[in-house]
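Structure first, commentary second.
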Amino acid sequence: MLDWNRTALRTRVVAVVAAAVTVAAGLGVRAAFGGDFAKYAGDALYTLLLYTLVVAAAPRVRPAAAAAVAAGVSWVIEFAQLTGVPAELSARSTPARLVLGATFNPPDLFWYAAGAAAGWLIHTLLRRRTP
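For the sequence shown, our numbering assigns the number 8 to the initial residue and increments by one for each residue that follows.
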């Protein structure tokens, strides 16, 4: 039991640090670049951030499951933009705008998948290195 607790704690700490690095990367991309590159990199990093939060919440999660949850949440939020509710909330709140966005954009779905795939790859490689 003690080994599992240490492993879970270590996994959570790594995931939280990865979340902070992902946020910093997203802010850096937005500050250094503009246009489509910054937008789509932000989309991928958004899903990667969700991936890190899934791992922090459930440290024993398998990479494929974490990727599916992160991509699924991203896609649900993107499709919700078709309803107009996120746009209404985003008009009232900066945090809502950052989390929910405002307008549906089909290419975002691909970039969310790319972010989930990046999380899956990194997580898979890290799990192989960990005894």
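The beta carbon of each residue, even a glycine, is placed where N, CA and C say it ideally should be.
Buried or exposed: which applies to V106, given that a residue is buried once 16 or more other Cβ atoms fall within 10 Å of its Cβ? exposed
What are the boundary residues of the alpha helix (DSSP H) that includes G126? P114 to R136
What are the boundary residues of the alpha helix (DSSP H) that R99 is part of? V92 to R99
Measure how close the beta-carbons of S81 and L60 come, nearest whole angstrom, since I'm counting them as under 8 Å. With a Cβ gap of about 12 Å, S81 and L60 do not count as contacting.
Please list the terminal residues of the continuous alpha helix (DSSP H) segment that includes L55. G42 to A64
So for F111, helix, strand or coil by DSSP? coil
Kindly indicate the opening and closing residues of the alpha helix (DSSP H) around V83. P70 to A87
Can you confirm whether the segment 94-111 touches the segment 25-40 when touching is taken to mean that 3 or more C-beta pairs between the two stretches lie within less than 8 Å? Segments in contact, no.
Alpha carbon to alpha carbon, how far is A48 from R99? 25 Å
Is it right to say L89 is buried, meaning 16 or more other beta carbons lie within 10 angstroms of its own, or is it exposed? That one is exposed.
Run through DSSP, which three-state label would S67 get? First, the residue type needs correcting, since residue 67 is Arg and not Ser in the sequence shown. If DSSP states are grouped into helix, strand and coil, R67 belongs with coil.
Report the rounded CA-to-CA distance for R13 versus V83, giving the unit in angstroms. 34 Å
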